[in-house]
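Heads up, the sequence shown is in the numbering used here, so the first residue is -5 and it goes up one at a time. C-beta atoms are modelled at their ideal positions from N, C-alpha and C, and glycine is treated no differently. One structure is given below, encoded as structure tokens.
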Amino acid sequence: MTAGVAQSKYAFFLEHHPVALASFNQKPGAFGDDNPLYQELRTVYDWMAQSRGAQRISCRRFKQRLPEIHKKFPQLAKCFSSMDYNSDGWLDWEEFLTFCLTDKRMHAMMNRARLMTVYGVDAKGGKSFKDINDPRHMCETSASPPMLPWETAHVVEWRIEDLIVSRKGAPCMYGGIPIRPGKSIVSPPFRAAGVCGSLRFWPAGYYSDPQRRSKACLAPGAEDFAAATFDGGIRPLRAPSHDAWGCLGVSDLPNGTRLKLRFFIGSKKSEVRDCAWREGVHASQLWSPPDKEPPPEINVGETLVVGIEILRNIDGDHWGVKPRSAAAEMYRHNKRPALPDSTLVSGSSLLGRAQEMQVQQPRLPKVRSLPQLTYGRPV
């Protein structure tokens, strides 16, 4: 893993894959311990074989290890026949290494798993990535991992690839398909802060061309007046601007959900908003950056990262402000017991849980043992 940079196991694999593949194609025999991806793949293979320095894994042994393999790497659990090139019922180390580095299907599955990334952020800035197949705590085994007591936010990142934003009249393209103004693209579902939903992005603007012309003809300040009137004048929020280059929204959340969140598109971030989901769409669920043109850092062929930062999940039945817990940080941190994992490999970027690898968890201080209960006066 890159020093000082917290990243998921899929991001680690895809970041080091090009260099590892080039070295493997040029000098297969010399490709070895100096490559970080090679070391991690060697650790994964030894973990599957349950033997250090193993060279072969039988099909029977692989099937016995399927529950643990699927928990850590679902992409490998269904690819034994594809990895066994000579179809002899044994998975050799060279076959496993060749498959992980050269198979296009494996690379596509890793890239697809990296599209949506959810991680928690604690008060010190440490990241803990959320994996629905490999939960860290017992409370994270539900449909969506909740915010833990020591976490300050859950960040949902959506990586949009093959997007060409509109510049100077050029059409907006996504995967070779033109996207007209008013049309949106939807992300895969995400699970964060106890809720399940999806992100919706309008790369060519929220309004269609007729709606833009209609909005441009309004008197100055008309949208601000309408927002304050509609929302009772308590917390007026404007609808997305008609001349903004893009727009981001959150959809498909259950009615009654209330979140305190912040939107971001690239390096641009919105203000903190208090959003409640009911029937229909509210202006607080949408945000457009103030720029009329896409920022220069969004180049052709590069990945655009958009998402939300959930700061708090407020119960839909409680519309007041909940008081924060006054418990000490050490107590709150150890309030949720961790799930035991006998397969955890310490220091591994592909097998180790992200929490153990990137965040040094504080421990309870040593205390004196409790006094013995005795009858009569204490000794």
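query	result
Measure the alpha-carbon distance for F195 versus M77 and round it to whole angstroms.	38 Å
With a cut-off of 8 Å, do at least 3 Cβ pairs link the stretch 174 to 193 to the stretch 150 to 160?	yes
In whole angstroms, what is the alpha-carbon distance linking A5 and A233?	35 Å
Is the beta carbon of W87 closer than 8 Å to that of S52?	no
Who pairs with I259 in a beta bridge, going by DSSP?	K262, V300
Using 10 angstroms around the beta-carbon of Y79, count the other beta-carbons present and answer buried if the total reaches 16, otherwise exposed.	exposed
Between G169, P248, Q205, which has its C-alpha nearest G191's C-alpha?	P248
Report the partner residues of T111 according to the DSSP bridge assignment.	E151
Give me the DSSP bridge partner(s) of D86.	R50
According to DSSP, is V374 helix, strand or coil?	Within the shown structure, residues of the chain are numbered from -5 to 373, placing residue 374 beyond reach of any answer.
List the whole-angstrom C-beta distance separating K66 from L345, where the pair is believed to meet the contact cut-off of C-beta under 8 Å.	6 Å
Between the Cα of R46 and the Cα atoms of T251, Q33, L157, which residue gives the shortest distance?	Q33
Along the chain, where does the alpha helix (DSSP H) that runs through M77 open and close?	74 to 77
May I ask which residues mark the beginning and end of the alpha helix (DSSP H) holding P30?	30 to 43
Apply the 10 Å Cβ neighbour rule to C378 and answer buried if 16 or more other Cβ atoms are within range, or exposed otherwise.	Residue 378 falls outside the range modelled here, since the chain spans only -5 to 373, and no answer is possible.
Based on the DSSP secondary-structure assignment, which residues constitute the bridge partners of E145?	D116
Look at the alpha carbon of E155 and the alpha carbon of K72, and state the distance between them as a whole number of angstroms.	26 Å
If we call anything under 8 Å between Cβ atoms a contact, is G374 one with A238?	Limits of the chain in this structure are -5 at one end and 373 at the other, which puts residue 374 out of reach.
Please state if the CB of G176 and the CB of P140 are separated by a distance shorter than 8 Å.	no
Can you name, in chain order, every residue of its own chain whose Cβ lies under 7 Å from the Cβ of G169, other than the five neighbours on each side?	D156
List the whole-angstrom C-beta distance separating A117 from T135, where the pair is believed to meet the contact cut-off of C-beta under 8 Å.	25 Å between Cβ atoms; not a contact.
If you compare alpha carbons, which of S342, S282, W271, P284 is closest to E308?	Checking the displayed sequence, the identity of residue 308 turns out to be Ile instead of Glu. Closest option to I308, Cα to Cα, is W271.
Would you mind stating whether L298 and G274 have Cβ atoms separated by less than 8 Å?	no
With distances taken between CB atoms, is the gap from H11 to P30 smaller than 8 Å?	no
State buried or exposed for S160, treating a residue as buried only when at least 16 other CB atoms are found within 10 Å of its CB.	buried
With distances taken Cα to Cα, identify the nearest neighbour of R99 among Q69, F90, E303.	Q69
Three-state secondary structure (DSSP) at L8?	helix
Which residues mark the beginning and the end of the alpha helix (DSSP H) in which I63 is found?	60 to 66
Put A0 into one of helix, strand or coil per three-state DSSP.	coil
Roughly how many whole angstroms lie between the Cα atoms of E303 and L231?	18 Å
A14 by DSSP, collapsed to three states: which one?	helix
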